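Visitor: Please find one structure pasted underneath; my questions will follow.
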Amino acid sequence: MARVYVSSVIPAPVGRVWARIRDFNGLPSWHPAIAESRIENGEPSDRVGCVRDFRLRNGERIRERLLGLSDYEYFCTYSILESPMPLSDYVATLRLTPITDGDRTFAEWSAEFTCDPAREAELVATIGRTVF
Amino acid sequence: MLEVTTSTIFGAPTDRVWEVLRDFNGHDRWHPIVAESRIERGEPADRVGCVRRFVLQDGSELREQLLALSDLEQSFTYCLLDTPVPLFNYVATVRLLPVTDGDLTFALWRARFTTRPGEEQAMRRLVAEEVQKAGFEAVRSLVERAEEG
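Quick mapping for you: the protein sequence lines, in order, are chains A and B. Oh and the first sequence: position 109 is 109 in the working numbering, straight run, nothing missing. Oh and the second sequence: position 10 is 142 in the working numbering, straight run, nothing missing.
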């Protein structure tokens, strides 16, 4: 099982950061690599179990399912259903924690997946680079 | 149940901060309110279950027990056994996480407790300011000075 972990400090209160992250269909509004996104079957984007179908600027298409969403703990967990990447069993979690000293936000993103061991290092590096 | 959480960013890697915080008997060397501390029965300070008995600058004596210690998660949890102030069912956790885009440390100190009716505000302030915030600022002066040197 490969694991990727990246984290960062965002100079904004957690409520404001969460307002953006929380929208499972909102990737195009904050992630530079995402061109467009839609939720399948016209479901609300905070319905746990919904599927987002989005397209990267390079034309690749990815489908992901929302597995968990917490307005209380500020996290969102999802899995990949379909992607051009040579991996499987991919589950990722994006989590925000308030930094009380300065009213900032600590953002963590972690993912686990299985893949061909020969390609693991390359995939871990690529995935880690593309998140924030 | 009341909960008080303080979190901050230290300008040093987690390993450096953990060196300071991991020693359950080391708080008398950095925390401004702790005058002296020892582990009861001469046990090692990283033995889960050990009890630290310490004296504050104002002379009051406290006992706390180590409930959990993890070098993998860089966290520890302890409870208050004896204290002269009305803090009951007090359990606290300190946890470090790496900030990967800068080799910094995110540190979180969370305490849960109950107290007597009417004392909530005073106890919240005591835990937030004198325990957590003062403690983190003392740790900061140790680890960030060392980083610059």
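Even for Gly, the Cβ is constructed at its ideal location relative to N, Cα and C. Everything numeric in this text was worked out from a predicted model, so none of it was measured.
For residue 267 of chain B and chain A, any beta-carbon pair shorter than 9 Å?
Guide: So no, residue 267 of chain B is outside the interface.
Visitor: Any heavy atom of the ligand GDP closer than 8 Å to the CB of residue 155 of chain B?
Guide: Summarising the ligand content, the structure contains no ligands, and the ligand GDP is consequently not present.
Visitor: Let me know the secondary structure DSSP gives residue 262 of chain B once reduced to three states.
Guide: Reduced to three states, the DSSP call for residue 262 of chain B is helix.
Visitor: Please determine, among A:128, A:125, A:91 and A:103, the residue with the shortest C-alpha to C-alpha distance to residue 113 of chain A.
Guide: Nearest C-alpha to residue 113 of chain A: A:91.
Visitor: Hey, how far is the Cα of residue 41 of chain A from the Cα of residue 65 of chain A?
Guide: One C-alpha to the other measures close to 13 Å.
Visitor: Check the Cβ of residue 134 of chain B against every Cβ in chain A and list those closer than 9 Å, keeping chain order.
Guide: Near residue 134 of chain B there are no residues of chain A at all, since even the closest Cβ is about 15 Å away, more than 9 Å.
Visitor: Along the chain, where does the beta strand (DSSP E) that runs through residue 224 of chain B open and close?
Guide: It spans 220–231 - the beta strand (DSSP E) in which residue 224 of chain B sits, taken as one unbroken run.
Visitor: Taking C-beta to C-beta, are residue 150 of chain B and residue 189 of chain B nearer than 9 Å?
Guide: Cβ atoms of residue 150 of chain B and residue 189 of chain B: not closer than 9 Å.
Visitor: Taking C-beta pairs closer than 9 Å, name the residues in chain B that residue 8 of chain A reaches, listed in chain order.
Guide: Chain B residues near residue 8 of chain A: 231, 232, 233 and 234.
Visitor: Relative to the alpha-carbon of residue 109 of chain A, which residue among A:121, A:19, A:53 and A:130 has its alpha-carbon at the smallest distance?
Guide: Measuring from the Cα of residue 109 of chain A, the nearest candidate turns out to be A:130.
Visitor: Could you tell me which chain A residues have their CB closer than 9 Å to the CB of residue 138 of chain B, listed as they occur along the chain?
Guide: Residues of chain A passing the Cβ test: 100 and 101.
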